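The structure under discussion appears below in the form of structure tokens.
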Amino acid sequence: MDRKPIKKAVFPVAGLGTRFLPATKAIPKELLPIVDRPLIQYAVDEAREAGIEQMIFVTGRGKTSIVEHFDIAYELEATMKARGKDLSVLDSTRFTPGDIITVRQQVPLGLGHAIWCARAIVGDEPFAIMLPDELMIGEPGCMKQMVEAYGEVGGNLISVLEVPREEVSSYGVIDPGSENGALTEVRGLVEKPPVAEAPSTKILSGRYILQPEVMRTLESQGKGAGGEIQLTDAMARMIGTQPFHAVTFAGRRFDCGSKLGFVEATLALALEREDMAEDVRAMALRLLG
Ligand code: G1P
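In this note's numbering, the protein residues as written are 1 to 289.
Set out below in structure tokens:
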């Protein structure tokens, strides 16, 4: 079956980043680096690897530097060139003009509301959503695995992973149906359920491929968990009207929305970098000893 390709991704980046204060008082949390790449860059690179061309940032006040990051820094480049420096470190920050798009979420009403703010840009096409807090490392990357699954089953897809039961209340949780390899049928979805009421331990891990109808569903979505307009609730209402599957990501995930996850990601990725692995290992052993 012919499916419309996924060419657009929405990145909700309007959050205040209160868990990382004071670091995030003047710097968007999405620009905090894991080694030498900001978090947002990992997510954008993952989208590009999956064939996505247009990046839609749902931003807010104080978040303009995210857009600067993907602009051409003329003075920087001219100075580096004059000094004979290698400019290829900037390659992944370059974009075809017009492919970085921003919309503003003026008030923090929740993830569902943030996505709805991008409705005019998304238009009538299936699209991806990427939460940059969730750092997904794999080969191929998480979004590419999802796009491949989309080619097989179409409809709506969410990435999921297993967490210990006591952690489910921090996430969206699926009610799983039949399984077929990495694909699980989704029978229900609930946002941040109490542990005793969670239908499984499979949580939504911040990557989605959704049909444009979700925008219409969000239009009439009331407040849910935490008094916010939840994307999970809108998706739950679409189950039964359209195919809905979960993809279990074959790879590693770091929850960079938490300090512990952030430090873990920094160490793990530094330990894998050819240019620094040996020194980082020696340093870590020294610190532990
Ligand atoms: C959001 C989603 C939740 C998902 C989580 C992944 O929650 O609402 O379903 O499991 O991201 O990180 P938030 O972290 O914004 O509270």
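All C-beta atoms, glycine included, are put in the ideal place defined by N, C-alpha and C. From a predicted model like this one, the values you see are computed outputs, not experimental measurements.
Query: E77 versus M146 - alpha carbon distance; Result: 36 Å
Query: C-beta contact flag for K8 and F95 at 8 Å; Result: no
Query: P153 versus T217 - alpha carbon distance; Result: A quick correction: the sequence has Val, not Pro, at residue 153. Going from the Cα of V153 to the Cα of T217 covers about 22 Å.
Query: From R237, P193, V195, G141, residue whose alpha carbon lies closest to that of E46; Result: G141
Query: Backbone CA spacing between G177 and G62 [nearest angstrom]; Result: 42 Å
Query: 4-residue-minimum alpha helix (DSSP H) runs that sit fully inside the stretch 75-148, ordered along the chain; Result: 111-116, 119-122
Query: Residue environment, D275, which counts as buried when at least 16 other CB atoms sit within 10 Å; Result: exposed
Query: S205: CB within 7 Å of a non-hydrogen atom of the ligand G1P; Result: yes
Query: Distance CB(V195)-CB(E166) smaller than 8 Å; Result: yes
Query: Distance cut-off 7 Å: D133 Cβ against heavy atoms of the ligand G1P; Result: yes
Query: Check whether A43 and G138 have beta carbons under 8 Å apart; Result: no
Query: V107 versus P38: straight-line alpha-carbon distance, rounded; Result: 25 Å
Query: Sub-8 Å separation of T102 and F57 beta-carbons; Result: yes
Query: The stretch 260-280 / the stretch 196-205 touching (three or more Cβ pairs under 8 Å); Result: no
Query: Spatially closest choice to T93 from H113, E213, M55, by CA coordinates; Result: M55
Query: Neighbourhood of V214 by C-beta distance below 7 Å, restricted to the same chain and skipping five residues each side; Result: A234, M235, M238
Query: For L183, the first and last residue of its enclosing beta strand (DSSP E); Result: 183-191
Query: Best match in I229, E49, D124, I203 for proximity to Q105 [C-alpha to C-alpha]; Result: I229
Query: Span of the alpha helix (DSSP H), counted from its first residue to its last, around T64; Result: 64-69
Query: Residues that E179 bridges to, as DSSP identifies them; Result: T184
Query: Exposure label - E148; buried when at least 16 CB within 10 Å; Result: exposed
Query: Beta-carbon proximity of A265 to C256, cut-off 8 Å; Result: yes
Query: Presumed contact (8 Å Cβ cut-off) between G338 and F244, rounded CB distance; Result: Because the chain spans 1 through 289 in this model, residue 338 falls outside it and cannot be assessed.
Query: 8 Å Cβ cutoff met for K144 and I174; Result: no
Query: Cβ-Cβ distance between I27 and F70 below 8 Å; Result: no
Query: Closest by C-alpha distance to E30, when choosing among V122, F11, P22; Result: F11
Query: Test item: CB-CB of W116 and E272 under 8 Å; Result: no
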